[in-house]
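Chemist: Below: one structure in C-alpha cells.
Here you go:
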C-alpha cells in the first residue's frame, strides 16, 4: 500500500489542497533555531527573524484553517503558540543566550547556581550601596549609566562566548551576570518610582 500518512510534524499545514508555497508545519519538538531556519548562535538578523515569524504565523493562524474543522484549528493553535514562544525567546538577547546554553546541555542555573567571579560580586556590592545611598533621581543616573555599560559589555562577551568560542560555561556565566543586572535594574527603577 501507500505507507503511513505523514504526521502533523511533517505535513503541510492544512493539507495538500492549499497552495504549493505553503511551508511544512513546524515540528513542535524542534529547537527554536531550527523552527525559524536559523543557525544556532547568538548573533542573528532581527529583521529576518521577524519576517520568518510573520510568515510562520500567517501559515499557522487558526482562522486560516477554519474550513478544515475543529481538530485542524486546535493543531494550528498549537503551532501558533509554539511559534510565538520561540519568537519571544530568540528576539530577546538574554533569553536567546540562555536558551542556546540550555540547548548545548549547559544549565544556566540562575536560581541554584549563583557562583560568580569575586570581581563581579564586589561590583554588585558597590551597586547595592549606591542604590541604598541615593537620595534623589539624580543620584541614580550614574548608576543607570554604569549598568547600561556593563550590560553592553556582558552582551558582547556573551556573543563571543557563543559564536566565536562555543564556550558553554563562559556563556552561562555571562547569562547569570546579565540576569543579575536585569533584576538589579528593576530594583533601581522601583527605587526611582519611590523617590
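Numbering (full-length UniProt numbering), first residue to last: 1 to 195. All C-beta atoms, glycine included, are put in the ideal place defined by N, C-alpha and C.
Is residue 115 helix, strand or coil by DSSP?
Modeler: coil
Chemist: Beta-carbon within less than 6 angstroms of residue 106's beta-carbon, same chain only, minus the 5 sequence neighbours each way: which residues are those?
Modeler: 168, 172
Chemist: What is the C-beta distance between residue 191 and residue 131, in whole angstroms, given that I count them as a contact (C-beta under 8 angstroms)?
Modeler: Contact between residue 191 and residue 131 holds, with the beta-carbon distance rounding to 6 angstroms and staying under 8 angstroms.
Chemist: Beta-carbon separation of residue 134 and residue 141 under 7 angstroms?
Modeler: no
Chemist: In three-state terms, what does DSSP make of residue 61?
Modeler: coil
Chemist: So, at 7 angstroms on beta carbons, what are the nonlocal neighbours of residue 96 in its own chain, with the 5 sequence-adjacent residues on each side left out?
Modeler: 42, 89, 90
Chemist: On a Cα-Cα basis, can you pick out the residue from 52, 38, 187, 98 that is closest to residue 124?
Modeler: When each option's Cα is compared against that of residue 124, the closest is 187.
Chemist: Taking the alpha carbon of residue 27 as the point to measure from, which residue in 70, 129, 56, 45 has its own alpha carbon closest?
Modeler: 56
Chemist: Taking DSSP as the reference, what is the three-state secondary structure of residue 135?
Modeler: coil
Chemist: For the stretch 123-181, list the beta strand (DSSP E) runs that are entirely contained and at least 3 residues long, ordered along the chain.
Modeler: none
Chemist: Would you call the stretch 65-72 and the stretch 114-122 touching, i.e. three or more CB-CB distances under 8 angstroms?
Modeler: Too few Cβ pairs lie closer than 8 angstroms, so no.
Chemist: Within the same chain, show all residues whose beta-carbon is closer than 6 angstroms to that of residue 53, passing over the 5 residues directly before and after it, in chain order.
Modeler: 87
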